[in-house]
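Chemist: Take a look at this one; I'll ask things after.
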Amino acid sequence: MRSNEYWRAWSGMAAFLALLAAAPVVQAANVSPGPDLVSETIQTRFDPVTRQTQVAGKVASDLCFHLSLPDEWRRSEEGLKAVVSHVELGVSLRSARELRDMPQPDLASRDAAFLQRDYEELLGRPAQSVSVSSNAGAMRWSATWVDVNLPTASHAMTVETLIVPLSNEWVLELSLSGAETQGAYNTLAQRLLTNLKVQGRGGCQA
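Those letters in the sequence shown? Residues -28 to -1, 1 to 178, per mature numbering (1 follows the signal peptide of the UniProt record, and there is no 0), in order.
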């Protein structure tokens, strides 16, 4: 039998998740503790001719990443926000040092397991469904919780993070939210994974 403390914690979390109920996939950076947000080190440049936003992020003096997004995006507290829609992109870093106690064989797998543990501790229960897949050199982790107290029509919440190893010391966590449909979400997620480029040593601009 579940304790009253458990149900109070879960009900409180369900009330919080009501704010996120419109999104088909919740942005992990908004609710998961731990990773370092890198919004202050991100630079964006919108090209009105191509209707694309070029994004550059600096991790260290010898490590950076670049990607492009459709239409215009601007920096936000968690990362980036589209100007013409409600789509947001959470951009976070996690260090290998933070993941050193995880037993998985590679950095991306350790980060996925770390996220899984964090969310289960945050929500107070294990996920009913977990998916981990590799895509374009990155890892796509998602987990779904189902409960009648959740404020969505399906009484379910799915959290997903795209995990990109940048080096032996860092992984990049990309979390999309606000897409109108699952199809739109998948298209943008695939674009992120296929055009993201990592540069080291002399490839980073000052």
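Note that CB positions come from ideal geometry on N, CA and C, so glycine has one too.
As the structure is a prediction and not an experimental result, all values here were calculated from the model.
Would Pro112 and Glu92 qualify as a contact pair, given that the criterion is a beta-carbon distance under 8 Å?
Modeler: Taking the first residue of the sequence shown as position 1, residue 112 is located at position 140. Taking the first residue of the sequence shown as position 1, residue 92 is located at position 120. The identity of residue 112 in the sequence shown is Arg, whereas the question assumes Pro. Taking 8 Å as the Cβ cut-off, Arg112 and Glu92 do not qualify as a contacting pair.
Chemist: Could you tell me how far apart the beta carbons of Gln171 and Cys36 are, in whole angstroms, since I believe they sit closer than 8 Å?
Modeler: In the sequence shown, the residue the question calls residue 171 occupies position 199. In the sequence shown, the residue the question calls residue 36 occupies position 64. About 5 Å separates the two Cβ atoms, so the contact holds.
Chemist: Does DSSP put Thr153 in a helix, in a strand, or in coil?
Modeler: If you number the sequence shown from 1, residue 153 lands on position 181. Thr153 falls in the coil class under three-state DSSP.
Chemist: Can you give me the Cβ contacts of Asn140 inside the same chain, cut-off strictly under 8 Å, excluding the 5 residues immediately before and after it?
Modeler: Your numbering for residue 140 matches position 168 in the sequence shown. Ala68, Leu79.
Chemist: Which class does Arg23 belong to by DSSP, given the choice of helix, strand or coil?
Modeler: On the sequence shown, position 51 is the one that residue 23 refers to. Note: Arg23 maps to coil in three-state DSSP.
Chemist: Is there contact between the stretch 145 to 152 and the stretch 52 to 64, where contact requires at least three CB pairs shorter than 8 Å?
Modeler: Short answer: they touch.
Chemist: For Arg46, write down the residues that DSSP places opposite it in a beta bridge.
Modeler: In the sequence shown, the residue the question calls residue 46 occupies position 74. According to DSSP, which records beta bridges pairwise, Arg46 is partnered with Lys53.
Chemist: Please report the residue range of the beta strand (DSSP E) in which Ala110 lies.
Modeler: On the sequence shown, position 138 is the one that residue 110 refers to. Where Ala110 is concerned, the enclosing beta strand (DSSP E) stretches over 110 to 118.
Chemist: Output the distance between the C-alpha atoms of Thr13 and Val136, rounded to the nearest integer angstrom.
Modeler: Position 41 of the sequence shown, counted from the start, is the residue given in the question as residue 13. Position 164 of the sequence shown, counted from the start, is the residue given in the question as residue 136. Spanning the two alpha carbons is a distance of roughly 17 Å.
Chemist: Are Gln26 and Ser48 touching if we call contact CB-CB under 8 Å?
Modeler: Residue mapping note: residue 26 aligns to position 54 of the sequence shown, counting from 1. Residue mapping note: residue 48 aligns to position 76 of the sequence shown, counting from 1. The answer is no: Cβ separation not under 8 Å.
Chemist: When every heavy atom of the ligand GTP is checked, does at least one fall within less than 7 Å of the C-beta of Val59?
Modeler: The ligand GTP is not among the ligands present in this structure, which contains no ligands whatsoever.
Chemist: Looking only at C-alpha atoms, which of Gly29, Ser101, Thr22, Ser106 sits nearest to Thr130?
Modeler: Your numbering for residue 130 matches position 158 in the sequence shown. Checked all of Gly29, Ser101, Thr22, Ser106; the closest Cα to Thr130 is Ser101.
Chemist: What do you reckon, are the CB atoms on Ala115 and Gln88 nearer than 8 Å?
Modeler: Residue 115 sits at position 143 when you count from the first residue of the sequence shown. Residue 88 sits at position 116 when you count from the first residue of the sequence shown. Taking 8 Å as the Cβ cut-off, Ala115 and Gln88 qualify as a contacting pair.
Chemist: Rank Ser57, Val104, Pro20, His38 by C-alpha distance to the C-alpha of Ala28 and give the top, closest one.
Modeler: Numbered from its first residue, the sequence shown carries residue 28 at position 56. When each option's Cα is compared against that of Ala28, the closest is His38.
Chemist: Taking the beta carbon of Arg72 as the centre, do at least 16 other beta carbons fall within 10 Å, making it buried, or is it exposed?
Modeler: Against the sequence shown, residue 72 aligns to sequence position 100. Exposed, since its Cβ has fewer than 16 Cβ neighbours within 10 Å.
Chemist: Check whether the Cβ atoms of Ile165 and Asn107 sit closer than 8 Å, and answer yes or no.
Modeler: Counting from 1 along the sequence shown, the entry for residue 165 is found at position 193. Counting from 1 along the sequence shown, the entry for residue 107 is found at position 135. It should be pointed out that residue 165 corresponds to Leu in this sequence rather than to Ile. The answer is yes: Cβ separation under 8 Å.
Chemist: At the level of alpha carbons, what is the spacing between Glu60 and His127?
Modeler: Taking the sequence shown and counting its residues from 1, one reaches residue 60 at position 88. Taking the sequence shown and counting its residues from 1, one reaches residue 127 at position 155. Between Glu60 and His127, the C-alpha separation is close to 23 Å.
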